[in-house]
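Residue numbers (the working numbering), protein chains in the order written: chain A, 5 to 124; chain B, 1018 to 1284.
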């Protein structure tokens, strides 16, 4: 019986130990940074819906942080960070594809020009 | 006795370890394994896949702890990271391809220029052949120049669309004109004498323009083409027979003498 109480106490302190403001604060800072990076890539236009929902989530994470719900805050902030990274990846992907399409069009034009001149 | 207690402990440990596999985690694991097999992804250097692997382990731990919230959290993170890994690999492939294409550009530009030079040489060499070709186009020497009979440039009644025989001749003519920039061309449209003259005017103009359009589309500078139309005037045959009318529904092309512009229209 005594051991059960000891384990329960240890678990309790462990839980308390995890729920410090430090890690969640860091996760929020990381999420904020990732969002700004995605924004610099132009994610607000290329992945607008994703960016909006990530912004809302970050605001919720900050709310939990203020209410000292650190676990919730950290989870949400971690999700925001990957969502921002996804928005960033989507944006870079769309830009790269558009540039490739442009290059292909230019090349096609050049090829046709060479062909026209050869034909006369 | 000690053995038995050890046995019980082992059994208990096994029971604890034997948590049910979570279908969500299993699904994420499958997509993680699929990503490992994706030839586009540089698996060894994919930070996202490395993180996804840690997330999957965390999700499994959470499943053992029966913490559904954390299972959902870590599978979500892993899922998103796997998606990012695919997207990033795709982006890198697109960028690689764009770079390759950019490298091809200068050589293609050179090719275009070389083709142009080749054409210039070929032009000189083919000049005689072109003159012969003009003969082959059944050009009739007149005072105004070489009038191409262009037997094919006849039209169906009230039609202005070029027939295939006509386009064959005209594309050879276009080649001739491009090779001989000092020769301009006069295109004249005619109609038969059926129907009101205003309609004949229109149809004869459209016939001349059809020829002009075709030549321009085949690379002849439009400034070198003069178009005229005469309605039903200037028949080559009597309009009383169907055959005669067919011959009259025509466009006539005159290759003007070297460095001579089209004469002004008849008053």
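Note that beta-carbon positions come from the ideal geometry of N, C-alpha and C, so glycine has one too.
- Ranking A:117, A:85, A:96, A:62 by CA distance to the CA of residue 45 of chain A puts A:96 first.
- Selection B:1077, B:1182, B:1049 evaluated against residue 1267 of chain B yields B:1182 as nearest (Cα-Cα).
- Look at residue 1184 of chain B: its C-beta is not under 8 Å from any C-beta on chain A.
- Under the DSSP definition of a beta bridge, residue 1205 of chain B partners with B:1245, B:1269.
- Nearest CB-CB separation between residue 1104 of chain B and chain A: below the 8 Å threshold.
- Using a C-beta cut-off of 8 Å, the segment 1080-1088 of chain B makes no contact with the segment 64-73 of chain A, since fewer than three inter-stretch Cβ pairs fall below that distance.
- Taking a Cβ-Cβ cut-off of 8 Å, the neighbours of residue 1101 of chain B in chain A comprise 86, 89, 90, 93, given in sequence order.
- Interface annotation, residue 1112 of chain B: in contact with chain A, CB-CB separation under 8 Å.
- Using a 10 angstroms sphere on the CB of residue 49 of chain A, the tally of other CB atoms stays under 16, which defines it as exposed.
- Within 10 angstroms of the beta-carbon of residue 1078 of chain B lie fewer than 16 other beta-carbons, which makes it exposed.
- Where residue 1076 of chain B is concerned, the enclosing alpha helix (DSSP H) starts and stops at 1064-1081.
- When the Cα atoms are used, residue 1254 of chain B and residue 1219 of chain B turn out to be separated by approximately 20 Å.
- Residue burial is scored here from C-beta neighbours: residue 67 of chain A has fewer than 16 other C-beta atoms within 10 angstroms and is therefore classed as exposed.
- Annotated as proximal: residue 1045 of chain B and residue 1092 of chain B, with beta-carbon spacing under 8 Å.
- When DSSP reads this structure, residue 1171 of chain B sits in a beta bridge with B:1267.
- Closer than 7 Å at the C-beta level to chain B, one finds no residue of the segment 33-44 of chain A.
- The straight-line gap separating the alpha-carbon atoms of residue 1109 of chain B and residue 106 of chain A is approximately 16 Å.
- Using a Cβ-Cβ cut-off of 8 Å, residue 107 of chain A counts as an interface residue toward chain B, since at least one Cβ of chain B sits closer than that to its own.
- For residue 1093 of chain B, the neighbours in chain A by C-beta distance under 7 Å run, in chain order, 83.
- The C-beta of residue 103 of chain A comes closer than 8 Å to at least one C-beta of chain B.
- By the Cβ criterion, the segment 115-123 of chain A is not in contact with the segment 1045-1054 of chain B, since fewer than three pairs of Cβ atoms, one from each stretch, lie closer than 8 Å.
- Counted as a single uninterrupted DSSP element, the alpha helix (DSSP H) harbouring residue 30 of chain A occupies residues 25-45.
- Within its own chain, the residues whose Cβ lies closer than 6 Å to the Cβ of residue 1243 of chain B, once the five positions on either side in sequence are excluded, are 1203, 1279, listed in chain order.
- For residue 1107 of chain B, the CB contacts under 7 Å within the same chain, skipping 5 residues up- and downstream, are 1057 in chain order.
- Within the segment 1052-1083 of chain B, contact with chain A at the beta-carbon level (separation under 7 Å) is assigned to no residue.
- Residue range 1181-1196 is occupied by the alpha helix (DSSP H) that includes residue 1187 of chain B.
- Between residue 28 of chain A and residue 77 of chain A, the CB-CB gap stays under 8 Å.
- Interface flag for residue 1120 of chain B against chain A is unset, since no Cβ pair is found closer than 8 Å.
- By the beta-carbon neighbour count (other beta carbons within 10 angstroms, threshold 16), residue 1270 of chain B is buried.
- In the three-state reduction of the DSSP assignment, residue 1276 of chain B falls in the coil class.
- The C-alpha of residue 1237 of chain B lies about 20 Å from the C-alpha of residue 113 of chain A.
- Cβ-Cβ separation between residue 91 of chain A and residue 54 of chain A: approximately 5 Å, consistent with a contact (criterion under 8 Å).
- For residue 1085 of chain B, not one C-beta of chain A is nearer than 8 Å to its own C-beta.
- Of the other Cβ atoms in all chains shown, fewer than 16 fall within 10 Å of the Cβ of residue 1043 of chain B; this residue is therefore exposed.
- Annotation for residue 1199 of chain B: 1275, 1276 place their beta carbon closer than 6 Å to its own, counting only its chain and skipping 5 residues before and after.
- Of all residues in the segment 1219-1234 of chain B, none has a C-beta nearer than 8 Å to a C-beta of chain A.
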